[in-house]
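Visitor: Numbering (my numbering), first residue to last: 1 to 189.
I have a structure I would like to understand better, so I am pasting it below and will then ask my questions one at a time.
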Ligand SMILES: [Zn+2]
């Protein structure tokens, strides 16, 4: 494939419509209850879990809806969000379980990924046709070009542009719960 162009990939990712949170918006983020996950595209395990927490909260609050069909093969089986840019929940495409697994395993099992691409790439401009064949540091690229503030995922301006989200977004993000607690106690004292 051609050399990886991060800007081309970022521009090709979808942009999810965002609605204000409904009355059932959870008061806290879900806890990560599975084994630790690996880094991906330069995003740390903590960043990946934080992204998952925010996405799950947005779904539960009614702010975003998981598409019914896989963006690659159009299957409706176990469709969930996939992320290439973990700093932005709103640019997450949806994938079925099988395509999701093949995508994440493409570094160690390139043949299965290549077969999937040959079956479904039409123009070459699809986001999944533009992801790199190697584990590129997209997180580092984004911070270098957009700023270190991206690490604070709760402060994503795209989320705060929607009425009600800033007020209702919980605080217990994975990896910072203890620091927040200390901060609150400090202020109380
Ligand atoms: Zn699929």
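No residue lacks a Cβ here, since even glycine has one placed at the ideal position from N, Cα and C.
Predicted model, so just to flag it, every value in this text is computed and none were measured.
Following the continuous alpha helix (DSSP H) through residue 59, name the residue where it begins and the one where it ends.
Guide: For the purposes of this step, residue 59 is taken as the residue at position 59 of the chain shown. 45 to 60 is the span of the alpha helix (DSSP H), which, as asked, contains residue 59.
Visitor: Mind checking whether the beta-carbon of residue 3 lies closer than 7 Å to any heavy atom of ligand 1?
Guide: As a position in the chain shown, residue 3 is number 3, starting the count at 1. Checking the Cβ of residue 3 against ligand 1 gives no.
Visitor: Go through the region 96 to 139 residue by residue and report every complete run of the alpha helix (DSSP H) that reaches 4 residues or more, in order.
Guide: DSSP runs (the alpha helix (DSSP H)) wholly in the region 96 to 139: 97 to 104, 110 to 120.
Visitor: Note down the Cα distance separating residue 120 from residue 72, rounded to an integer number of angstroms.
Guide: Residue numbering aside, residue 120 sits at position 120 when the chain shown is read from its first letter. Residue numbering aside, residue 72 sits at position 72 when the chain shown is read from its first letter. If you take the alpha carbons of residue 120 and residue 72, they lie about 6 Å apart.
Visitor: Verify the contact flag: residue 75, CB atom, against every heavy atom of ligand 1, threshold strictly below 7 Å.
Guide: For the purposes of this step, residue 75 is taken as the residue at position 75 of the chain shown. Yes, the Cβ of residue 75 comes within 7 Å of a heavy atom of ligand 1.
Visitor: If you count every other CB in all the chains shown that lies within 10 Å of the CB of residue 34, and 16 or more means buried, which is it?
Guide: By 1-based counting over the chain shown, the position of residue 34 is 34. Flag for residue 34 reads exposed.
Visitor: Take the Cβ of residue 38 as the centre, count every other Cβ of all protein chains shown within 10 Å, and call the residue buried at 16 or more, exposed below.
Guide: Counting from 1 along the chain shown, the entry for residue 38 is found at position 38. Exposed: under 16 other Cβ atoms inside 10 Å.
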